[in-house]
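In terms of the UniProt record's numbering, the sequence shown opens at residue 1 and continues consecutively.
Note that CB positions come from ideal geometry on N, CA and C, so glycine has one too.
Every value quoted in this text rests on a predicted model; they were computed, and no experiment measured them.
Comments concern the structure below.
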Amino acid sequence: MAKKPPVPDNVIPFLRITVIGDAESGKTSLINAWMNNSCSLNYTATLDPTLYHRTMKIPNPLEEEETVTALIEVEDTYAPIRTGGIDMYGQKRDVDELVEVKPPPREPVVTPAYYGPFAEYEALTQLEYRPLSRCRMGFLLVFDATVEESLKTAMEMFNSICLQSATKTTVPKGITVFLVANKIDKDPLVDETIKTRAAAKAFAEIKELPYFEVSALKFIRVRKVFREMVEHIVLQPQLWSSDSLKEFYQNKKKVSLTQENCALQ
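Now the structure itself:
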């Protein structure tokens with residue numbers, strides 16, 4: 001007998017990871033190292049937000065040792081110093097927009113007879129910036145481990161994210177933020193590098209942020225940081241679940257609780 005799939009066949013979880021940070025911190029290189037197993041040695045400034053996509057198996061929150069295929073959307077962004085002017089999509093460059101956390105939109109009512117996997121999405125045009133995912137769900141806050149000012153910029157961007165929460169000092173509920181020190185292979189014994197990495201660790205401890213030291217060039221912990229980010233996001237189904245999947249989860253929880261109660265009797 002075929003094993004029952006862990007989620008409905010017509011559901012594809014879309015999870016978004018937004019990569020932010022200072023100029024020359026290696027944001028695009030980090031993304032390409034994970035997406036394409038490549039890291040260019042030539043620096044090109046990111047002037048426009050860019051979307052990358054790949055599929056991967058993720059843990060099913062309600063089924064131990066079960067997985068489901070998800071589409072991971074990675075959002076590359078420009079640095080705060082690029083703020084100003086108009087991007088290629090006709091949008092004003094504003095770094096505050098890149099850290100904005102909006103609640104997931106209400107799902108449109110679609111006639112069941114015409115419902116398909118992409119029914120709720122309008123066709124994209126060539127010059128239109130429209131992510132497939134429902135909202136921003138997690139941030140990789142990247143800085144150059146060899147540059148103290150790069151870390152300060154990351155701290156400022158973290159504060160911008162926190163200002164959207166009820167407390168104004170903590171990360172908005174359900175959102176995941178990782179602090180990521182990139183280029184750890186470069187000048188590891190230089191005083192500024194040592195000082196910057198120590199300050200980053202202290203900041204992460206105070207703010208209770210997961211902290212990673214990576215190298216996009218040497219592929220050090222690249223997969224680990226993305227994998228753990230995905231695992232954090234998937235535990236927040238209110239951000240990415242469709243109504244059909246929410247109903248499925250609720251039914252599974254009811255069944256699970258009933259079984260547990262029976263076992264205790």
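| Query | Result |
| --- | --- |
| Check whether A79 and D22 have beta carbons under 8 Å apart | yes |
| DSSP-derived helix/strand/coil call for L41 | coil |
| Classification of N32 by the beta-carbon crowding that lies within 10 angstroms, buried from 16 upward | buried |
| Whether A200 touches G26 by CB criterion (8 Å) | no |
| Euclidean distance between Cα positions of P112 and P59 | Low local confidence applies: a pLDDT of 48 at P112 is under 50, so the model's placement there is unreliable, and no value is given. |
| Euclidean distance between Cα positions of V234 and A166 | 23 Å |
| beta-carbon A181 near the ligand SAH non-hydrogen atom, thresh 7 Å | No copy of the ligand SAH appears in this structure; indeed no ligand is present at all. |
| Residues sharing a beta bridge with M56, DSSP | A70 |
| Per-residue burial, P103 [other beta carbons within 10 Å of its own, 16 or more giving buried] | exposed |
| Beta-carbon separation (whole angstroms), R136 vs V101, contact threshold 8 Å | 5 Å |
| Candidates R134, M155, R54 and S40: closest to E205 by CA position | M155 |
| Length of the line joining the Cα atoms of D76 and S160 | 18 Å |
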